[in-house]
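From first to last, the protein sequence lines are chains G and D. Mapping the first sequence onto UniProt numbering, position 90 (from 1) lands on 90, and the numbers just tick up by one. Mapping the second sequence onto UniProt numbering, position 145 (from 1) lands on 145, and the numbers just tick up by one. Yeah, the Cβ is synthetic: ideal placement off N, Cα and C, and Gly gets one too. Just so we're clear, the structure is a prediction, and the values are computed from it rather than from any experiment.
Number of protein chains: 2
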Amino acid sequence: MSFDPNVKIGVLGGGQLGRMMIQSAIDLNLDIKSMDPDPNAPCKHLATEFVNGDIKDYDQVMAFGATCDLITVEIENVSIEALEALEKQGKKVFPQPRALKIIKDKGIQKQFYLDNDIPTSPFVLTQSLEELHQHTDLLPGVHKLRTEGYDGRGVQVIRTEADISKGFDKPALIEKFVDYDKEISVIVARNADGEMNTYPVVELEYHPEANLVEFLFSPSSISEDIRIKARELAKKVISSLDMVGLLAVEMFTTKDGDVIVNECAPRTHNSGHQTIEANVTSQFEQHIRAILNLPLGDTAIKGASVMINLLGEEGYTGLAQYEGLEEALQIEGLHVHLYGKKLTKPFRKMGHVTLVGDHLEDLKTIARSVKESIKIKA
Amino acid sequence: MSFDPNVKIGVLGGGQLGRMMIQSAIDLNLDIKSMDPDPNAPCKHLATEFVNGDIKDYDQVMAFGATCDLITVEIENVSIEALEALEKQGKKVFPQPRALKIIKDKGIQKQFYLDNDIPTSPFVLTQSLEELHQHTDLLPGVHKLRTEGYDGRGVQVIRTEADISKGFDKPALIEKFVDYDKEISVIVARNADGEMNTYPVVELEYHPEANLVEFLFSPSSISEDIRIKARELAKKVISSLDMVGLLAVEMFTTKDGDVIVNECAPRTHNSGHQTIEANVTSQFEQHIRAILNLPLGDTAIKGASVMINLLGEEGYTGLAQYEGLEEALQIEGLHVHLYGKKLTKPFRKMGHVTLVGDHLEDLKTIARSVKESIKIKA
Numbered sequence: 001m002s003f004d005p006n007v008k009i010g011v012l013g014g015g016q017l018g019r020m021m022i023q024s025a026i027d028l029n030l031d032i033k034s035m036d037p038d039p040n041a042p043c044k045h046l047a048t049e050f051v052n053g054d055i056k057d058y059d060q061v062m063a064f065g066a067t068c069d070l071i072t073v074e075i076e077n078v079s080i081e082a083l084e085a086l087e088k089q090g091k092k093v094f095p096q097p098r099a100l101k102i103i104k105d106k107g108i109q110k111q112f113y114l115d116n117d118i119p120t121s122p123f124v125l126t127q128s129l130e131e132l133h134q135h136t137d138l139l140p141g142v143h144k145l146r147t148e149g150y151d152g153r154g155v156q157v158i159r160t161e162a163d164i165s166k167g168f169d170k171p172a173l174i175e176k177f178v179d180y181d182k183e184i185s186v187i188v189a190r191n192a193d194g195e196m197n198t199y200p201v202v203e204l205e206y207h208p209e210a211n212l213v214e215f216l217f218s219p220s221s222i223s224e225d226i227r228i229k230a231r232e233l234a235k236k237v238i239s240s241l242d243m244v245g246l247l248a249v250e251m252f253t254t255k256d257g258d259v260i261v262n263e264c265a266p267r268t269h270n271s272g273h274q275t276i277e278a279n280v281t282s283q284f285e286q287h288i289r290a291i292l293n294l295p296l297g298d299t300a301i302k303g304a305s306v307m308i309n310l311l312g313e314e315g316y317t318g319l320a321q322y323e324g325l326e327e328a329l330q331i332e333g334l335h336v337h338l339y340g341k342k343l344t345k346p347f348r349k350m351g352h353v354t355l356v357g358d359h360l361e362d363l364k365t366i367a368r369s370v371k372e373s374i375k376i377k378a
Numbered sequence: 001m002s003f004d005p006n007v008k009i010g011v012l013g014g015g016q017l018g019r020m021m022i023q024s025a026i027d028l029n030l031d032i033k034s035m036d037p038d039p040n041a042p043c044k045h046l047a048t049e050f051v052n053g054d055i056k057d058y059d060q061v062m063a064f065g066a067t068c069d070l071i072t073v074e075i076e077n078v079s080i081e082a083l084e085a086l087e088k089q090g091k092k093v094f095p096q097p098r099a100l101k102i103i104k105d106k107g108i109q110k111q112f113y114l115d116n117d118i119p120t121s122p123f124v125l126t127q128s129l130e131e132l133h134q135h136t137d138l139l140p141g142v143h144k145l146r147t148e149g150y151d152g153r154g155v156q157v158i159r160t161e162a163d164i165s166k167g168f169d170k171p172a173l174i175e176k177f178v179d180y181d182k183e184i185s186v187i188v189a190r191n192a193d194g195e196m197n198t199y200p201v202v203e204l205e206y207h208p209e210a211n212l213v214e215f216l217f218s219p220s221s222i223s224e225d226i227r228i229k230a231r232e233l234a235k236k237v238i239s240s241l242d243m244v245g246l247l248a249v250e251m252f253t254t255k256d257g258d259v260i261v262n263e264c265a266p267r268t269h270n271s272g273h274q275t276i277e278a279n280v281t282s283q284f285e286q287h288i289r290a291i292l293n294l295p296l297g298d299t300a301i302k303g304a305s306v307m308i309n310l311l312g313e314e315g316y317t318g319l320a321q322y323e324g325l326e327e328a329l330q331i332e333g334l335h336v337h338l339y340g341k342k343l344t345k346p347f348r349k350m351g352h353v354t355l356v357g358d359h360l361e362d363l364k365t366i367a368r369s370v371k372e373s374i375k376i377k378a
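Okay, here's the thing in structure tokens:
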């Protein structure tokens, strides 16, 4: 274990997760290159070098990786073939391409849970809508595209047979709907030495239409028993994957006191944004510590917190204007994070706000009103 | 009061203070241009635009300012004449050039304290060493260059007449040595609406040779009475200056329970670095809030803290190497901030470390050992 600030780190994806990673990397003098297909990606001005390119293109990723010592990702939808080839060349690639392969395809991901005794909901793979008709025993259920789903896209609730036409006529999986109590998330980090550390459990509340996290609450209100179970489960997932990096494990708690895995993401995650202010070590710093094989940081919470995603207002597309920010900045313990996106569109993640304080219930009340007062329009 | 993220902000000086300001500005989508004479200044890669130029040169600062709406500084040694001309053109310049003028010349600064009933130690201006001989009544004292002093340079203790030859044969001032109890600092912010907010008092411990802050302790151990007095005094200084921005007021507490002003800096300051992790709002965010006339943030501490400056090790000049960082990263509540300086030299400020925790005395013990274990060599 030896820290070399001259290591050349490349990040595939230049969105807000990459941006917050760079913000954290600054303090360790780390130079970070970033690659993204959007020429105005949030990382553009912050990366030591910004490459405007297609992160799904083998040749372009190979060329980008050739200039780096260590390659990581802020999104899983990248050319895994290129990452495998770079790994063979002796580059460090964290998370490892084999873990990305398992996670990127939600069908393979679910099968991985079954193979590794990780509790998850019943599912069947489907190739077409036609096939979906044969699995009405799994309804009400959720139909998910195996790949390409992102930020709420590629997921469709199918309540009854009548809804089947809303599903995907592409490789997908139908998952039996879980009669869950809470949606929770545990972020776990693991470095090359095998050291693991989990963050305390958080509770998520989704936007009903956009299928995006709208509010996050920390700490969660679940029992200590279930918390321990959830954190152990997250460790089991990352060690079964033998993955180095950060893994966000989204789970359901059931009314019977069980915890089952919904899905996971092999990177920093929306369910860890509050860690910037509300935990001793942020998920972004933890990711860097993990991939550099540094000692992992303390994940303890410093206070209760609520994270609110700032989504582009419905009905507005164009140059983003922020309403209500000055008023919000008057609220004690409120922290604003804008993602540097020039253009807004409905439900686009434009930023987030974290409220930190002593009493979660008070913060929840403030959060609902903040959500109403900050509007991103065009 | 209205927040416009498209305001073009220019910062004179691209050192660590500018760098940490940019780190904070990222979250508000603010684009920051930076100007510094060092082509490899810490802000180089982080500024939206980095101009390599002389911040003391009238024409260069005018050209830089022409591209900005609002000009601020991270160092006071700049072309104030250019800032005055830019202000006349209608640009916003915070801190205002007239406040910079008063502070930049330590002779004028001391006279300002006298004129405004702000307690400070007795002093006399000197033009030459010859003149210094006429003021032996002020010995033991401190001889300070009126301008150009920075990071411990331009300050000389003169204990007896025999030391006078160590003084400055240039415009300077001799200040009677204060038999102080503690060296403390209060950072105060003020926005254009006149809203003011002070940070809690911190205690400073200087490096005996380098005359640089070596350790900072928060909260200070002084009595509540003196704390209130110090915070009120900081407000008095900034409002007497009628300044918008951030002002760091360094003070002495005397054994009689008095507080007197030593000197002040019209910008973010080394005595506020711990606010990044240990206070609700960091001094860097507060500076931005002040100059944009946004509501000022909550300055409350979240825990006890110790800040340790990481100075270049004596005897080493060249490409910086960091010893002991991995070990330090294992310490709970320890946060590393490196400043992105490629070259180290003796006593150069290369970074800082903040320890946050529940008990200041425990943190002090850890801090002394951290100071011994992290070494910056070449």
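Can you name the residues of chain D whose CB is closer than 9 Å to the CB of residue i?
i        : result
Arg289/G : Leu329
Starting from the C-beta of residue i, find all residues in its chain whose C-beta is less than 6 Å away, skip the five residues before and the five after it, and write them out in chain order.
i        : result
Leu83/D  : Val93, Pro97
Lys176/D : Ser121, Pro122, Leu138, Gly141
Glu205/G : Glu214, Phe215
Thr126/D : Leu132, Ala172, Ile174
Val157/G : Val142
Leu12/G  : Met35, Ile55, Val73, Val78
Taking only three categories from DSSP, how would you classify residue i?
i        : result
Val7/G   : coil
Phe177/G : coil
Lys302/G : coil
Tyr322/G : strand
Phe112/D : helix
Ala66/G  : helix
Ala172/G : strand
Asn52/G  : strand
Arg289/G : helix
Thr275/G : helix
Thr254/G : strand
Asn270/G : helix
Tyr206/G : strand
Thr281/D : coil
Kindly list the residues whose CB is nearer than 7 Å to the CB of residue i, restricted to its own chain and excluding five residues on each side of it in sequence; keep chain order.
i        : result
Tyr113/G : Thr120, Val261
Asn279/G : Tyr199, Thr299, Ala300, Ile301, Lys302
His352/G : His273, Met307, Ile308, Asn309, Leu310, His337
Glu285/G : Ser24, Gly297
Leu325/D : Val336, Ile374
Gly333/D : Leu355, Val356, Gly357
Asn40/G  : Lys342
Ala230/D : Ile184, Val186, Val201, Met251, Val259
Counting only Cβ pairs nearer than 7 Å, list the residues of chain G close to residue i.
i        : result
Asp298/D : Glu332, Gly333
Leu343/D : Within chain G, no residue comes near Leu343/D; the closest Cβ sits about 12 Å away, beyond 7 Å.
Could you list which residues in chain D have their beta carbon closer than 7 Å to that of residue i, in chain order?
i        : result
Asp27/G  : Val336, His337, Leu338
Thr147/G : Correct list: empty, because the minimum Cβ distance to chain D is about 32 Å.
His359/G : Going along chain D, no residue has its Cβ under 7 Å from His359/G, so there is no contact; the nearest lies around 15 Å.
Leu294/G : Glu326, Leu329
Leu216/G : The premise fails here: Leu216/G is roughly 17 Å from chain D at the closest Cβ pair, so nothing lies under 7 Å.
Phe50/G  : Under the 7 Å cutoff, chain D gives no residues; its nearest Cβ is about 10 Å from Phe50/G.
On the premise that residue j lies in contact with residue i, defined as a C-beta separation below 8 Å, what is that separation, rounded to the nearest angstrom?
i        : j        : result
His287/D : Gly245/D : 6 Å
Pro266/G : Leu247/G : 6 Å
Ala47/G  : Lys33/G  : 6 Å
Gly10/D  : Met35/D  : 7 Å
Ser79/G  : Val61/G  : 4 Å
Residue i versus chain G: which residues are under 8 Å apart at the beta carbon?
i        : result
His273/D : What His273/D touches in chain G: nothing, since even the nearest Cβ is about 11 Å away.
Lys302/D : Lys302, Gly303
Locate the alpha helix (DSSP H) running through residue i, then write down its first and last residues.
i        : result
Lys229/G : 224–241
Ser373/G : 360–373
Looking at the secondary structure, which residues open and close the beta strand (DSSP E) in which residue i lies?
i        : result
Ser24/D  : Careful: Ser24/D lies outside any beta strand (DSSP E), inside the alpha helix (DSSP H) at 16–25.
Pro145/G : In the sequence under discussion, the amino acid at residue 145/G is Leu, which differs from the Pro named in the question. Here the beta strand (DSSP E) through Leu145/G covers 141–145.
Leu355/G : 349–357
For residue i, which residues of its own chain have a beta-carbon under 8 Å away from its beta-carbon, when the five flanking residues on both sides are left out?
i        : result
Leu129/D : Ile164, Ser165, Gly167, Phe168, Asp169
Met1/D   : Note that Met1/D scores 45 on pLDDT, short of 50, meaning its location in the model is unreliable and no value can be drawn from it.
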